[in-house]
Amino acid sequence: MSGFAQNTFNGLVSGAFYALLALGLAVIFGMLRVVNFAHGAFYMLGAFGAYVLLTEAGVPFWAALVIMPVGLGLLGMALERAVIHRLTRLDPLYNFLLTFGLTLILQDLVKLRYGVQSSPYETPSLLSGSVNFGLFDFPTYRVFILGFTVLLCVAVWWVLTRTRIGMVVRASTERPDLTRAFGIDVGRWVTPVFGFGIGLAGLAGVLAAPMRAVNPLMGADLIIVVFAVVVIGGLGSIFGSVAAGFGIGLVQAWGEAYLSAFPIVSQTIVFVVMAGVLLWRPAGLFGREEAPA
1 MSGFAQNTFN
11 GLVSGAFYAL
21 LALGLAVIFG
31 MLRVVNFAHG
41 AFYMLGAFGA
51 YVLLTEAGVP
61 FWAALVIMPV
71 GLGLLGMALE
81 RAVIHRLTRL
91 DPLYNFLLTF
101 GLTLILQDLV
111 KLRYGVQSSP
121 YETPSLLSGS
131 VNFGLFDFPT
141 YRVFILGFTV
151 LLCVAVWWVL
161 TRTRIGMVVR
171 ASTERPDLTR
181 AFGIDVGRWV
191 TPVFGFGIGL
201 AGLAGVLAAP
211 MRAVNPLMGA
221 DLIIVVFAVV
231 VIGGLGSIFG
241 SVAAGFGIGL
251 VQAWGEAYLS
261 AFPIVSQTIV
271 FVVMAGVLLW
281 RPAGLFGREE
291 APA
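With full-length UniProt numbering applied, the sequence shown covers 1 to 293.
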């Protein structure tokens with residue numbers, strides 16, 4: 001029983017990262033119809049930025065938790081205005097190739113400056129140690145990640161569903177054509193929403209720094225799983241991305257724990273789930289079915 005509970009908690013923590021990254025991808029795709037392959041690179045920049053701030057400027061984790069998401073969000077807004085919006089009228093493949101190329105550039109720039117070796121990031125002293133849950137002890141920092149992410153997702157949900165600005169952004173994200181039909185200028189929200197999505201990726205990177213090794217390729221493998229999460233939840237669905245993120249974290253943790261005798265299955269279980277969901281519901285679990293032409 002304790003083993004199952006611990007695996008479940010591990011899955012929820014992994015799912016917290018998937019949820020943050022998938023939420024950012026969902027709002028970007030929903031409004032811009034851009035598959036932002038550079039999302040993993042900005043996740044990596046968030047972690048590396050926190051590492052550089054700490055080692056070269058003595059800036060602690062708590063300050064980096066604010067500085068990096070804001071800084072990367074502003075960078076994302078500048079990037080959207082400079083290049084992304086120029087290609088939005090073209091086939092989505094163009095922006096996919098652009099963001100893929102941007103990923104390679106960012107990774108190589110970081111490798112050129114810091115090499116490919118992983119760098120440790122010290123866990124904040126306030127969050128060191130472990131918490132006793134009766135059946136098992138769990139690292140305090142991981143408990144913080146889970147609680148912080150849940151609170152953040154609830155806060156984002158509240159803003160999107162209980163405020164006028166949030167409702168406009170949600171409508172522009174999930175039903176942009178219908179929103180335009182009501183006379184709302186969707187274009188004015190594109191840049192800040194893109195920056196918000198990038199900021200969430202940077203925030204996830206800062207949170208990952210004390211828990212995972214900081215290296216230039218840390219977002220490369222993760223982003224593939226996050227894309228699967230977004231597809232499972234439903235492209236452009238904000239709630240679906242968060243729910244699927246936590247769900248896939250659980251599926252992965254249980255698969256690695258109970259299917260370890262079948263390594264191929266445990267490593268590909270996310271994509272097996274994605275294939276099953278798409279066969280049953282092509283729009284994803286919470287996605288909107290498109291009307292036939």
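For glycine and all other residues, C-beta sits at the position ideal for the given N, C-alpha and C.
| request: Determine the extent of the beta strand (DSSP E) in which N132 is found, giving its start and end residues. | output: As a position in the sequence shown, residue 132 is number 132, starting the count at 1. N132 -> beta strand (DSSP E) spans S130 to N132.
| said: So for F138, helix, strand or coil by DSSP? | reply: If you number the sequence shown from 1, residue 138 lands on position 138. For F138, the secondary structure class from DSSP, reduced to helix, strand or coil, is strand.
| message | Helix, strand or coil for L12? Go by DSSP, reduced to three states. | response | Here residue 12 refers to the residue found at position 12 of the sequence shown. In this structure, L12 counts as helix in the three-state DSSP scheme.
| Is V70 closer than 8 Å to G199 when the C-beta atoms are compared? | For this step, residue 199 is matched to residue 199 along the sequence shown. For this step, residue 70 is matched to residue 70 along the sequence shown. For G199 and V70, yes; Cβs fall inside 8 Å.
| task | Flag this pair as touching only if the stretch 26-35 and the stretch 234-241 have three or more C-beta atom pairs under 8 Å; answer yes or no. | result | yes
| task | Mark L45 as exposed unless 16 or more other C-beta atoms lie within 10 angstroms of its C-beta, in which case mark it buried. | result | Mapped onto the sequence shown, residue 45 falls at position 45. Label assigned to L45: buried.
| query | Whole alpha helix (DSSP H) runs in the stretch 4-92 with 4 or more residues, listed along the chain? | reply | 39-57 and 61-82
| query | Based on the DSSP secondary-structure assignment, which residues constitute the bridge partners of S119? | reply | Sequence index remark: in the sequence shown, residue 119 carries index 119 (1-based). For S119, which the question treats as bridged, DSSP gives the partners V214.
| By a C-beta neighbour count over all protein chains shown, 10 Å radius and 16 as the cutoff for buried, is N10 buried or exposed? | Here residue 10 is taken as the residue at index 10 of the sequence shown, counted from 1. That one is buried.
| said: Starting from I248, trace the alpha helix (DSSP H) in both directions and tell me its first and last residue. | reply: Taking the sequence shown and counting its residues from 1, the one referred to as residue 248 is at position 248. Run containing I248: I238 to Y258, per the alpha helix (DSSP H) assignment.
| field | Contact between the stretch 51-65 and the stretch 88-100 (3+ Cβ pairs under 8 Å) | value | no
| query | Cβ of R170 within 8 Å of Cβ of L178? | reply | Stepping through the sequence shown from its first residue, residue 170 is reached at position 170. Stepping through the sequence shown from its first residue, residue 178 is reached at position 178. Against a cut-off of 8 Å, the Cβ pair of L178 and R170 comes out as no contact.
| request: Report all residues from its chain with a CB closer than 6 Å to the CB of Q6; omit the five preceding and five following residues, and keep chain order. | output: Numbered from 1 along the sequence shown, position 6 holds the residue referred to as residue 6. Excluding sequence neighbours, Q6 sits near F136.
| request: Could you tell me the distance, in whole angstroms, from the CA atom of L102 to the CA atom of L54? | output: To locate residue 102, count along the sequence shown from 1; it is residue 102. To locate residue 54, count along the sequence shown from 1; it is residue 54. In a straight line, the C-alpha of L102 is about 26 Å away from that of L54.
| Relative to the alpha-carbon of I184, which residue among T99, G197, G24 and M167 has its alpha-carbon at the smallest distance? | Taking the first residue of the sequence shown as 1, we reach residue 184 at position 184. Comparing Cα positions, the closest option is M167.
| request: Use the C-beta contact count for Y18: other C-beta atoms within 10 angstroms, 16 or more gives buried, fewer gives exposed. | output: Position 18 of the sequence shown, counted from the first residue, corresponds to residue 18. Label assigned to Y18: buried.
| At what residues does the alpha helix (DSSP H) containing residue 336 begin and finish? | This structure does not reach residue 336, given that the chain is present from 1 up to 293, and the question cannot be answered.
| task | Give the single residue among E122, S119, P120 and R142 whose Cα lies nearest to the Cα of S130. | result | Translated into positions along the sequence shown, residue 130 becomes position 130. When each option's Cα is compared against that of S130, the closest is R142.
| Going straight from the alpha carbon of V226 to that of A22, what length do you get? | Working through the sequence shown from its first residue, we reach residue 226 at position 226. Working through the sequence shown from its first residue, we reach residue 22 at position 22. Cα to Cα, V226 sits roughly 6 Å from A22.
| task | Rounded to whole angstroms, what's the CA-CA distance from R281 to V110? Just pull it up for me. | result | Taking the sequence shown and counting its residues from 1, the one referred to as residue 281 is at position 281. Taking the sequence shown and counting its residues from 1, the one referred to as residue 110 is at position 110. Cα to Cα, the separation comes out at about 40 Å.
| query | Considering only residues of the same chain and omitting the five flanking positions on each side of L12, which have a CB-CB separation below 7 Å? | reply | Stepping through the sequence shown from its first residue, residue 12 is reached at position 12. Closer than 7 Å at Cβ, skipping near neighbours: L146, F246, G249 and L250.
| query | How big is the Cα-Cα spacing for Q267 and R180? | reply | Counted from its first residue, the sequence shown places residue 267 at position 267. Counted from its first residue, the sequence shown places residue 180 at position 180. For Q267 and R180, the distance between alpha carbons rounds to 42 Å.
| What span of residues does the alpha helix (DSSP H) with R188 cover, start to end? | Looking up residue 188 in the sequence shown gives position 188. Here the alpha helix (DSSP H) through R188 covers G187 to A208.
| In the structure shown, what three-state DSSP assignment does T163 receive? | As a first step, residue 163 is located in the sequence shown; it is residue number 163 there, counting from the start. Reduced to three states, the DSSP call for T163 is coil.
| task | Check whether the Cβ atoms of A209 and Y43 sit closer than 8 Å, and answer yes or no. | result | The residue labelled residue 209 in the question sits at position 209 within the sequence shown. The residue labelled residue 43 in the question sits at position 43 within the sequence shown. In this structure, Y43 does not lie closer than 8 Å to A209 by Cβ.
| query | To the nearest angstrom, how far is it from the Cα of Y121 to the Cα of M211? | reply | For the purposes of this step, residue 121 is taken as the residue at position 121 of the sequence shown. For the purposes of this step, residue 211 is taken as the residue at position 211 of the sequence shown. When rounded, the distance between both Cα atoms is 8 Å.
| task | Give every residue of the same chain whose Cβ lies closer than 8 Å to the Cβ of G202, excluding the five residues on either side of it in the sequence, and list them in chain order. | result | Indexing the sequence shown from 1 puts residue 202 at position 202. Here the set comprises F42, Y43, L45, G46, G49, M68, P69, G71, L72 and G73.
| Close-in-space but distant-in-sequence residues of the same chain around A291 (CB under 6 Å, 5 per side omitted) | Residue mapping note: residue 291 aligns to position 291 of the sequence shown, counting from 1. Note that A291 scores a pLDDT of 47, beneath 50, so its modelled location is shaky; the value from the coordinates is reported in the next line. Answer for A291: no residue qualifies.
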